[in-house]
Structures are given as structure tokens and as C-alpha cells.
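First the structure, in the form of C-alpha cells, and then the observations on it.
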Amino acid sequence: MIIGDQPKREKAPDPSLVNLLARSHSMLSALTNGGARSISELSKATGIHRADLSKALPLAFLSPAIVDDILAGNQPVSLTARRLARLGDLPVDWNQQRSLLGF
0 MIIGDQPKRE
10 KAPDPSLVNL
20 LARSHSMLSA
30 LTNGGARSIS
40 ELSKATGIHR
50 ADLSKALPLA
60 FLSPAIVDDI
70 LAGNQPVSLT
80 ARRLARLGDL
90 PVDWNQQRSL
100 LGF
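The numbering of the sequence shown is numbering that gives the first Met the number 0, which starts it at 0 and goes up by one.
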């Protein structure tokens with residue numbers, strides 16, 4: 000039983016999740032601004048395996064609300080960088096993304 004107001008827990012963003020999102024946006028930017036012409040070229044330039052690039056790129060299309068929650072440290076405990084990086088197909092629909100990721 001909780002009586003009275005409880006102090007709010009300070010939430011801190013998970014640096015691994017934030018880094019994963021930043022890398023996915025950086026990869027997408029390299030492909031769209033001409034820094035790299037293909038995933039193969041980007042793989043050679045970054046030293047990241049093509050399969051890993053292909054899994055990370057869709058994360059640049061996460062719902063803005065999910066990104067905001069991650070940046071604020073409000074993601075579900077079960078959502079780790081490892082889980083997000085290993086995610087299979089990311090739904091395009093933002094509501095489906097929220098459901099899949101446990102928001």
C-alpha cells in the first residue's frame with residue numbers, strides 16, 4: 000500500500016539505446032545525402048557488416064513518440080539496445096511499433 004505522494008524516480012536515458020538510434024540515423028543520412036551510395040559502400044567505410052547495417056537502418060524510422068520516450072528514459076525495462084538491434088521486421092505502423100516494443 001502506498002500512502003501519500005511518493006517522490007518521482009529520476010529516469011535517465013539508456014546510453015546504449017540512444018547510441019543505437021543515433022547510429023541508425025547517421026547511417027540513413029550517409030545513404031541519403033550521398034556520403035555512401037550503397038549499403039556495401041557504407042559497410043566498407045564504417046567497418047560494420049552489411050547485415051548489421053540492414054538491421055539498424057529501419058530503426059531510423061521508429062515512431063517519433065518512441066524515440067522521445069527512449070531519449071527521456073521512459074522505455075519499458077524489457078527494451079534494451081540488444082533487443083532492438085536484433086529485432087526482425089519493424090512494422091511501419093507506429094501503433095504496431097509501440098505494441099511490439101511494449102509501450
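We put the beta carbon where it would ideally sit given N, CA and C, even for glycine.
Separation of Leu16 and Ser25 (C-alpha to C-alpha, rounded to the nearest whole angstrom) is 14 Å. In the three-state scheme derived from DSSP, where H, G and I count as helix and E and B as strand, Arg36 is classed as coil. Judged by DSSP in its simplified three-state form, Ala71 adopts helix. Within the model, the alpha-carbon separation for Val66 versus Ala21 is close to 10 Å. The beta-carbon distance between Ser23 and Ala59, rounded to whole angstroms, is 4 Å. This is short enough to meet the 8 Å contact definition.
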